[in-house]
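Quick note, the sequence shown lines up with residues 1 to 178 if you use full-length UniProt numbering.
First comes the structure, then the notes that go with it.
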Amino acid sequence: MSSLTSYCDKIEEKTVMIFCNDCHSIAEVMGNENLIIHNLLGGLVLESNAHDINYLRHCIDEEGASQIVIVGHLNCQVLKHLLDDVSGITLWEEARSYVEALSQEMVSLNLGLYDRGWHLMHRHVALQVKKLSGIPYISEKVEADKLIVTGIVIDDREPNLLEETNLEIFETLNFKLN
Ligand SMILES: [Zn+2]
């Protein structure tokens, strides 16, 4: 395990760090010149996020970003809210069904509930990395070795805890991505 600040200090390339809006650790890395900080609610890459994808494109083309890191954080209130949400707001339908499927998968695996949420967040981050990497413009850059898309999970209540998400670890699980 390392910490968010030490992880970011080691970054040498221009990197877009995608934080969830309710993550408490953003302020810790604000001053880092190599980082472009971006927020995505729940860290969710959604079809309705077209403007965010345009922004990422701008970061790559205009700002020279060659890495995107999706930062998952434990105890995410956005994901929790989506899970508890019974409002039926259609805007959130895609996100809600995703989070429901994710939590059901974790329950069926007996993971996530006994490790303070690490597995769940790693799985979430791995899926979002996969989704982002599959967007045509992004996948083009990845295939041309001009862009790395990866993920980490932090405990923002204890800023010293950080784990890099092993993007292959959950490959065998059969999760339907949206
Ligand atoms: Zn969150």
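Backbone N, C-alpha and C define an ideal beta-carbon position, used for all residues, glycine too.
If you look at Asp155, you'll find it in the beta strand (DSSP E) that goes 148 to 155. Relative to ligand 1, even the nearest heavy atom lies 7 Å or more away from the CB of Gln128. By the Cβ neighbour-count rule, Ala126 is buried, with 16 or more other Cβ atoms within 10 Å of its own. One alpha carbon belongs to Val129, the other to Glu94, and they sit about 17 Å apart. One residue list follows from the rule of a beta carbon closer than 7 Å to any heavy atom of ligand 1, given in chain order as Cys20, Asn21, Asp22, Cys23, Gly42, Gly43, His73, Cys76, Gln77, Val78, Leu79. Restricting attention to beta strand (DSSP E) runs no shorter than 3 residues, the region 6 to 92 encloses them at 15 to 19, 35 to 39, 67 to 73, ordered along the chain. Between Ala65 and Thr5 the beta-carbon gap is near 20 Å, outside 8 Å, which marks them as no contact.
The Cβ atoms of Asp156 and Cys23 sit closer than 8 Å to each other.
With contacts defined by Cβ atoms closer than 8 Å, Arg116 and Leu74 form a contacting pair. Sixteen is the threshold: since fewer than 16 other Cβ atoms of the shown chains lie within 10 Å of the Cβ of Lys146, the residue is exposed. Taking a C-beta distance under 8 Å as the contact criterion, Val45 and Leu132 qualify as a contact pair. Note on geometry: alpha-carbon atoms of Arg96 and Gln104 lie some 12 Å from one another. By the beta-carbon neighbour count (other beta carbons within 10 angstroms, threshold 16), Gly43 is buried.
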